[in-house]
Structures are given as C-alpha cells and as structure tokens.
Amino acid sequence: MAKVDISLDAELVVEVMVLAGIGSPQDAVEAVVRDYIARGHRTEARVEFKERAVREAEAKPQEPQG
C-alpha cells in the first residue's frame, strides 16, 4: 500500500493518542482514520437499508379500504 507523509499539529496528535489509548502517533492517527471510514460505511449501509424498506413498502399494492 502506498504511504503518505503529512504534518499535523502536535497537540492534535497527542489528544488522539490519549483518547485512543495508543502510544504511537502513527498508529493513533491511523486508527482514527480507519474508524472514520468504517463509520461512514456503516452509515451508508443503514441508509441504504432504510431506503430499500421504504421503496418495498411503497411498491406493495394497497389493500382496499372501506
């Protein structure tokens, strides 16, 4: 996998390390990025599931009322 070098504010990285409980700055930031991506995928899956349920409910023929 290709690597990217970036510069971040030291206080920001230390905060991430403390919150994540990870001693390595590289590993802490990587964990945060991976978590962010995973949350995005979970959100997409939930939205897709809800939209599919709405479409299926709308597609069902309505029973006669009255």
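Per UniProt numbering, residue 1 is the first one in the sequence shown, and the count goes up by one each step. Idealized CB from N, CA, C, for every residue including glycine. Note that the structure is predicted; figures quoted are calculated from it, not measured.
Fill in: Best match in V18, S24, V29 for proximity to V4 [C-alpha to C-alpha]
If you number the sequence shown from 1, residue 4 lands on position 4. It is V29.
Worksheet entry | Which of helix, strand or coil DSSP assigns to A20 | Here residue 20 refers to the residue found at position 20 of the sequence shown. Of the three classes helix, strand and coil, the one that applies to A20 here is helix, per DSSP.
Worksheet item: Are the CB atoms of P25 and V33 nearer to each other than 7 angstroms?
Response: Translated into the one-based positions of the sequence shown, residue 25 becomes position 25. Translated into the one-based positions of the sequence shown, residue 33 becomes position 33. Not in contact: P25 and V33 (Cβ atoms no closer than 7 angstroms).
Practice prompt. Please check the pair A2 and A20, which I expect to be a contact at CB under 8 angstroms, by giving their CB distance rounded to whole angstroms.
Written response: The count along the sequence shown starts at 1 and reaches residue 2 at position 2. The count along the sequence shown starts at 1 and reaches residue 20 at position 20. No, A2 and A20 are not in contact; Cβ-Cβ is about 23 angstroms, not under 8 angstroms.
Discussion item. Only counting the same chain, and skipping five residues up and downstream in sequence, which positions put a Cβ closer than 8 angstroms to that of T43?
Written reply: Against the sequence shown, residue 43 aligns to sequence position 43. Answer for T43: no residue qualifies.
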